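Enquirer:
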Amino acid sequence: MALSNRLFDQDLTFQCPLCHAGLVKKGSWIKSITTFKCEQCQERVRLPYGDKLAIFERHLRLAG
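The numbering of the sequence shown is the numbering used here, which starts it at 347 and goes up by one.
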């Protein structure tokens with residue numbers, strides 16, 4: 347499955363895998379990054395493609 351283009355302009359929620367802080371970012375941001383600095387724990391976090399797919403799939407199911 348590919349990352350859905352229709353979610354690129356949508357706010358998507360997910361959690362930092364290190365501190366579990368809630369994050370809200372645009373789908374296009376999630377698609378384009380590979381690492382980011384968590385605003386809560388200040389750690390550098392890797393966001394692999396499989397994790398991106400899971401975020402997109404969850405939001406597609408919620409949109410139903």
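Idealized CB from N, CA, C, for every residue including glycine. Owing to the predicted nature of the structure, the values given are computational and were not obtained by experimental measurement.
Looking only at its chain, what residues have a beta carbon closer than 7 Å to the beta carbon of Ala348, apart from the 5 residues adjacent to it on each side?
Expert: Answer for Ala348: no residue qualifies.
Enquirer: Return the Cβ separation of Val391 and Phe402 in integer angstroms, given the expectation that the two are a contact with Cβ distance under 8 Å.
Expert: In fact, because the Cβ distance is near 17 Å, the residues do not count as touching under 8 Å.
Enquirer: Specify, as a first and last residue, the run of the beta strand (DSSP E) that Gln368 falls within.
Expert: Reading the sequence as shown, one finds Gly at residue 368 and not Gln. Residues Gly368 to Lys372.
Enquirer: Compare the Cα-Cα distances from Ile379 to each of Leu353, Asn351, Tyr395 and Glu385 and report the closest residue.
Expert: Nearest option by C-alpha distance: Tyr395.
Enquirer: According to DSSP, Phe354 sits in a beta bridge with which residue or residues?
Expert: Paired residues: none, contrary to the question.
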